[in-house]
Structures are given as C-alpha cells and as structure tokens.
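**Q**
Numbering (the numbering used here), first residue to last: -3 to 267.
#1: In or out: residue 17 buried (at least 16 other Cβ within 10 Å) or exposed?
#2: Where does residue 29 sit, in a helix, a strand or coil, going by DSSP?
#3: Roughly how many whole angstroms lie between the Cα atoms of residue 146 and residue 80?
#4: What is the residue span of the alpha helix (DSSP H) that residue 231 lies within?
#5: Label residue 10 either buried or exposed according to how many other C-beta atoms from any shown protein chain fall within 10 Å of its C-beta, with 16 as the threshold for buried.
#6: Which of the three DSSP states, helix, strand or coil, is assigned to residue 58?
#7: Once DSSP output is grouped into helix, strand and coil, what is the label at residue 165?
#8: In whole angstroms, give me the CA-to-CA distance for residue 152 and residue 214.
#9: Could you tell me the alpha carbon to alpha carbon distance between residue 90 and residue 74, rounded to whole angstroms?
#10: Taking its Cβ as the centre, do 16 or more other Cβ atoms sit within 10 Å of residue 150, making it buried, or is it exposed?
#11: For residue 201 and residue 24, what's the separation of their Cα atoms in angstroms?
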C-alpha cells in the first residue's frame, strides 16, 4: 500500500497518532478487516510491534477486535473515529482544566506566587518590558493588563480591531465597569450593521468616540502600563502581528495625556 508521507503527517497531526499507529490504521482502512500479520506487511511495521499498536488503536476507538480465530481487526468508519477523538479530547481537556482549577487552591500555587513576587521586586523598572508575537499572544497579555486595571483604560484601535476586542474582551470590560474603572475607546467606527450593533453594546460599558484622521493601536492601563501594537492589522497576518508591552509610568502617562487632548479636540462622540 502506497500512502504519501504528507497524508500520513496530516493524519498524525489531526488525530494525535504516532507513525506506526497511522500506518497500521490506514492499512486497515484500505482492507476493512485484517489480521495483525497482514497489516504488519502492508504497513511496513515490525510484526513484533503490530499487536501493541493495534491494542493502542483499539483503546483509542479507531479499530474493533473481531471475535474468533485467527484474531482479526475491523476498521471503524472515519466519521465515527472523528467523533470519538473529539469526545476523548473534550474529556482530556476537562480533566486538565479541573486539575488547573484545583492547582489554584493548592499550596504549590502559593509557592509559585511567592517566587514571582520575590522575583519582581528584584527587577529594574527598565526591565519590565517585552515583545509580544502573534495576535493571540497579544490579546492574552492585553486581557491580563486589563484585569489588573483599577482606575482607567485608554484604548485606541482600528475598525476591525474594535470588533475583535468587543468579541474577545467584553466580559473583562463589564467587570471593569463594575469596579468603577473609566474606559475610553477610540476607533474609526464603520457604518456597517455589524459594527453599529457591536458599538451599541460596548457603549453601555465604555465611552466610545470616532476618530478618522489618527491611525494607531495601543492600550494604556492606569497611566502606568502600555501595550503598543506596532503593525497595521489590515496588512499583517494574525500569526505575525507584533506588540510591545512595558510598565513605564512616565511614557504611559504622556501617551494618555496626548490621547486626552485628541479625545477632546479630534474625536467625535457617537450619536
């Protein structure tokens, strides 16, 4: 049986199988029913390994062992395999999430927090900065910064950036509003129905103003912490988006003050 390496690599990635497992599985799919020895020959897998590989595939729900002798294996339909893998992944993810939730209450977490706080005390203010690569990483760090806000959040973004932030961070904004944090958002607000509806929702939580002549992507938290998104999000793939994070009160306050001037003079309240 000739199967392209690229095809096998994709299957390994999607289904979480090793090389022997994916070879045996595809061999069985091509046969429907077969013995371990036959599959070993077809898949070019050592016969001594074929039995434990089939046992592993059976536990994962990819194959069924047929009753009778000689022992044969039956391929499970691919659609059913996908559903089984999804179910197993959910169960495994829930198990890991539960373990992490329990970790938050464990003494180990207190030890980690102590280590972190001791380390932060030794860091020079100039060292509290870093680069953030990838939009997912950017948003994770942005969310962390917002959660720690106590006084103010100043956010400037693009039209699409505004929609993304509303979708991703609305629950965080709601919690900040309950804490009494002042939230200001400036963006070129498009006239599309999707944008209007999104802005209408976020306007209940934050003050939103329209700006057309200034293009920038940044967030200032409490006048102390800044996250700068340095690329035009219309011209970069999310994977290659780049940001700079810094705890620099002098710079953060200056940027916040410049924003306040533009907020009063250049940015239009939404009607």
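In this text, a Cβ means the ideal position worked out from N, Cα and C, and glycines have one as well. From a predicted model like this one, the values you see are computed outputs, not experimental measurements.
**A** Judging by the given coordinates:
#1: Counted from its first residue, the chain shown places residue 17 at position 21. Looking at its Cβ environment, which holds 16 or more other Cβ atoms inside 10 Å, residue 17 is buried.
#2: Indexing the chain shown from 1 puts residue 29 at position 33. DSSP places residue 29 in strand when its eight states are reduced to three.
#3: Here residue 146 is taken as the residue at index 150 of the chain shown, counted from 1. Here residue 80 is taken as the residue at index 84 of the chain shown, counted from 1. For residue 146 and residue 80, the distance between alpha carbons rounds to 45 Å.
#4: Along the chain shown, read from residue 1 onward, the residue named residue 231 stands at position 235. Premise fails: residue 231 is in no alpha helix (DSSP H) and is neither H nor E.
#5: Within the chain shown, numbered from 1, the residue matching residue 10 stands at position 14. With fewer than 16 other Cβ atoms within 10 Å, it is exposed.
#6: Residue mapping note: residue 58 aligns to position 62 of the chain shown, counting from 1. Residue 58 falls in the coil class under three-state DSSP.
#7: Mapped onto the chain shown, residue 165 falls at position 169. Residue 165 falls in the helix class under three-state DSSP.
#8: Locating residue 152 in the chain shown gives position 156, counting from the first residue. Locating residue 214 in the chain shown gives position 218, counting from the first residue. Cα-Cα distance, rounded: 5 Å.
#9: Here residue 90 is taken as the residue at index 94 of the chain shown, counted from 1. Here residue 74 is taken as the residue at index 78 of the chain shown, counted from 1. Roughly 24 Å between the two C-alpha positions.
#10: Within the chain shown, the letter at position 154 stands for residue 150. Result: buried.
#11: Working through the chain shown from its first residue, we reach residue 201 at position 205. Working through the chain shown from its first residue, we reach residue 24 at position 28. Rounded to the nearest angstrom, the gap between the Cα atoms of residue 201 and residue 24 is 57 Å.
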